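Let me begin by presenting the structure, written as structure tokens, before commenting on it.
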Amino acid sequence: MKTIIEPFRIKVVEPIELTTRQERESILREAHFNLFAIKAENVLIDLLTDSGTTAMSSEQWAAIMRGDESYAGARSFFRLCDSVREITGFDHILPTHQGRASERILFETIGVQGKIVPNNNHFDTTRANIEHCGGQALDLVIDEARDPQSRHPFKGNMDLDKLSALIEREGAERIPLCMVTITNNSGGGQPVSLANLRRVKELCHRHGIPFFLDACRFAENAFFIRKREKGLQDRSSRSIAREMFDLADGATISAKKDGLVNIGGLLLLRDHELIHQARNNLILTEGFPTYGGLAGRDLEALAQGLQEVLDERYLAYRIRTVEYLGEKLVEAGVPILEPPGGHAIYIDAKRFCPQIPPQHFPGQALAVGLYRIAGIRGVEIGSVMFGEGAHQSPMELVRLAMPRRVYTQSHIDYVIEAVTELYRLRSELRGLRITEAPPTLRHFSAKFEEL
Ligand SMILES: *Cc1c(COP(=O)(O)O)cnc(C)c1O
Numbered sequence: 002m003k004t005i006i007e008p009f010r011i012k013v014v015e016p017i018e019l020t021t022r023q024e025r026e027s028i029l030r031e032a033h034f035n036l037f038a039i040k041a042e043n044v045l046i047d048l049l050t051d052s053g054t055t056a057m058s059s060e061q062w063a064a065i066m067r068g069d070e071s072y073a074g075a076r077s078f079f080r081l082c083d084s085v086r087e088i089t090g091f092d093h094i095l096p097t098h099q100g101r102a103s104e105r106i107l108f109e110t111i112g113v114q115g116k117i118v119p120n121n122n123h124f125d126t127t128r129a130n131i132e133h134c135g136g137q138a139l140d141l142v143i144d145e146a147r148d149p150q151s152r153h154p155f156k157g158n159m160d161l162d163k164l165s166a167l168i169e170r171e172g173a174e175r176i177p178l179c180m181v182t183i184t185n186n187s188g189g190g191q192p193v194s195l196a197n198l199r200r201v202k203e204l205c206h207r208h209g210i211p212f213f214l215d216a217c218r219f220a221e222n223a224f225f226i227r228k229r230e231k232g233l234q235d236r237s238s239r240s241i242a243r244e245m246f247d248l249a250d251g252a253t254i255s256a257k258k259d260g261l262v263n264i265g266g267l268l269l270l271r272d273h274e275l276i277h278q279a280r281n282n283l284i285l286t287e288g289f290p291t292y293g294g295l296a297g298r299d300l301e302a303l304a305q306g307l308q309e310v311l312d313e314r315y316l317a318y319r320i321r322t323v324e325y326l327g328e329k330l331v332e333a334g335v336p337i338l339e340p341p342g343g344h345a346i347y348i349d350a351k352r353f354c355p356q357i358p359p360q361h362f363p364g365q366a367l368a369v370g371l372y373r374i375a376g377i378r379g380v381e382i383g384s385v386m387f388g389e390g391a392h393q394s395p396m397e398l399v400r401l402a403m404p405r406r407v408y409t410q411s412h413i414d415y416v417i418e419a420v421t422e423l424y425r426l427r428s429e430l431r432g433l434r435i436t437e438a439p440p441t442l443r444h445f446s447a448k449f450e451e452l
């Protein structure tokens with residue numbers, strides 16, 4: 002059957018804005034062709050990010066009303082502990098305001114100054130926090146991950162030879178922890194296999210190196226394992242998720258993804274000394290350990306969201322939606338990063354509009370074109386984002402990230418029609434020139450002009 006049944010019905014609706022092409026022309030000009038500068042109300046379908054854009058369930062909204070706002074020892078905190086313990090097996094949890102706070106506390110506590118932290122691919126806040134603490138962030142993903150057309154089922158896997166060579170070369174003392182990001186966000190939302198996680202853990206533990214998960218999309222990764230890894234079809238995503246967490250000495254989590262909430266994060270640890278230090282660090286900047294920078298109601302919504310995200314019907318709908326978008330675009334000849342990841346489709350702008358050279362930002366041109374013709378907002382991940390200074394971006398991509406439980410199949414069909422139409426008109430796409438940019442993280446606020 003072709004129809005994707007959303008496993009929910011809709012109780013609250015939020016109107017979305019239908020602008021005219023002419024209105025969008027002037028909106029684009031006012032925003033200096035930077036889609037971050039456009040008001041969300043002027044976007045018809047917003048695929049800028051899947052982070053914090055979730056729609057909450059009726060059970061979560063009910064949980065919000067049960068939020069205990071006591072400063073210390075709130076009931077909501079213990080409810081969150083129970084939920085996290087059931088799913089991950091971790092007894093000690095530190096709530097944080099979002100994922101990057103968990104990262105900062107972890108790296109400050111464990112100490113990365115002058116040391117190296119390997120990962121399959123570091124997410125940008127993870128890398129930035131390691132570098133801020135004086136460490137070096139190293140990406141050791143398998144080579145297949147760098148080929149946009151490779152259909153390897155676990156393109157997020159860590160390259161064990163590279164990891165082993167690193168340990169050999171630098172010595173285990175210089176590696177305070179090793180991380181694996183599930184799913185691999187910076188590498189296109191690609192999953193990591195359970196076999197790979199097991200081997201990374203074994204290798205790390207043989208050398209006394211703590212093994213950590215960046216587990217933002219743990220449920221999506223577990224679902225991919227169930228679908229793709231040999232011999233695991235009869236397991237539930239829940240039991241696979243538990244096995245992934247059982248391998249780890251700790252985890253950083255942004256609850257804005259698979260926590261199915263709009264704000265929040267978690268830091269999970271096993272080592273008692275580390276927990277003690279991390280908790281003191283948490284008090285310094287986030288808040289008392291039983292709320293950690295969140296309201297009691299946020300803790301409640303997260304406790305519930307973590308349970309809902311492991312529902313097989315939800316995960317099937319979620320992954321199928323992204324896969325469906327990818328399939329239809331491929332059928333229309335649109336070049337995308339394959340296979341589709343868990344949370345987003347990445348259009349390959351280099352192949353989409355080869356007439357535009359990297360210095361004229363093909364990804365930005367594509368993203369601007371998509372907003373212009375259809376009011377859809379994606380994000381450039383290419384030379385605008387990564388091409389500062391002497392750097393060169395390895396790929397020119399436009400990411401269409403899928404908010405959770407927000408859009409229906411007809412919204413996705415509209416996106417497919419719009420991208421297909423833009424592909425037909427691709428020879429008309431024009432490159433851009435930067436007229437003004439800040440010294441760092443320029444993609445958020447740079448101003449452009451069309452050539
Ligand atoms: C979003 C994300 C983070 C950071 O989390 P925030 O909640 O945005 O601070 C870290 N790692 C990965 C893989 C992410 O996707």
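The numbering of the sequence shown is our numbering, which starts it at 2 and goes up by one.
Heads up, the beta-carbon is just placed ideally off N, CA and C, and yes, glycines get one too.
It should be emphasised that the depicted structure is a prediction, and the values quoted were computed from it without experimental measurement.
Distance CB(residue i)-CB(residue j) smaller than 7 Å
| i | j | result |
| --- | --- | --- |
| Ala345 | Leu401 | yes |
| Phe34 | Val369 | yes |
| Asp97 | Gly343 | The sequence shown places Thr at residue 97, rather than the Asp named in the question. No, the Cβ-Cβ distance between Thr97 and Gly343 is not below 7 Å. |
| Ala242 | Ala256 | no |
| Gly260 | Leu307 | yes |
| Met180 | Phe213 | yes |
| Gly68 | Arg298 | yes |
| Leu303 | Ser238 | no |
| Glu7 | Tyr415 | no |
| Leu164 | Leu141 | yes |
| Ile111 | Leu139 | no |
| Ile5 | Arg321 | yes |
| Leu161 | Gly376 | no |
| Tyr347 | Gly172 | no |
| Gly90 | Asp247 | yes |
| Pro404 | Asp51 | yes |
| Arg227 | Arg236 | yes |
| Val193 | Asn158 | yes |
| Asp349 | Pro149 | yes |
| Ser77 | Leu300 | yes |
| Leu275 | Ser103 | no |
Reduced DSSP secondary structure (H/G/I, E/B, other) of residue i
| i | result |
| --- | --- |
| Ser510 | This structure cannot settle anything about residue 510, because the visible part of the chain is limited to 2 through 452. |
| His93 | strand |
| Val385 | helix |
| Ala56 | coil |
| Leu45 | coil |
| Asn158 | coil |
| Val262 | coil |
| Leu442 | coil |
Counted within 10 angstroms of its Cβ, other Cβ atoms place residue i as buried (16 or more) or exposed
| i | result |
| --- | --- |
| Gln99 | buried |
| Thr253 | buried |
| Pro119 | buried |
| Gln191 | buried |
| Ser411 | exposed |
| Ser394 | buried |
| Ala166 | exposed |
| His277 | exposed |
| Leu48 | buried |
Span of the beta strand (DSSP E) around residue i
| i | result |
| --- | --- |
| Thr436 | 433-437 |
| Cys179 | 179-182 |
| Gly266 | 266-270 |
| Val118 | 117-120 |
| Phe449 | 448-451 |
| Asp215 | 212-215 |
| Leu338 | Counting along the chain, Leu338 falls outside any beta strand (DSSP E), and DSSP gives it neither H nor E. |
| Arg280 | No beta strand (DSSP E) holds Arg280; the alpha helix (DSSP H) holding it covers 273-286. |
Residue span of the alpha helix (DSSP H) that contains residue i, given as start and end
| i | result |
| --- | --- |
| Arg314 | 313-332 |
| Pro363 | 363-375 |
| Tyr72 | Premise fails: Tyr72 is in no alpha helix (DSSP H) and is neither H nor E. |
| Asp162 | 161-171 |
| Phe34 | From DSSP, Phe34 is part of no alpha helix (DSSP H); its letter is neither H nor E. |
| Ile111 | 100-111 |
| Asp125 | 125-133 |
| Leu248 | 238-248 |
| Gln308 | 297-309 |
| Ile17 | No alpha helix (DSSP H) holds Ile17; DSSP gives it neither H nor E. |
| Leu423 | 410-425 |
| Val201 | 195-207 |
| Ile143 | Run containing Ile143: none; DSSP gives neither H nor E here. |
Rounded Cβ spacing between residue i and residue j (contact assumed at less than 8 Å)
| i | j | result |
| --- | --- | --- |
| Glu109 | Asn282 | 6 Å |
| Ile143 | Ile176 | Between Ile176 and Ile143 the Cβ distance is about 19 Å, and since that is not below 8 Å, they are no contact. |
| Phe124 | Thr182 | 6 Å |
| Gln365 | Phe445 | Going by Cβ atoms, the distance from Gln365 to Phe445 rounds to 13 Å, so no, they are not a contact pair. |
| Phe362 | Val385 | 5 Å |
| Gln356 | Ser240 | Gln356 to Ser240, Cβ: 50 Å. No contact. |
| Arg373 | Glu26 | 7 Å |
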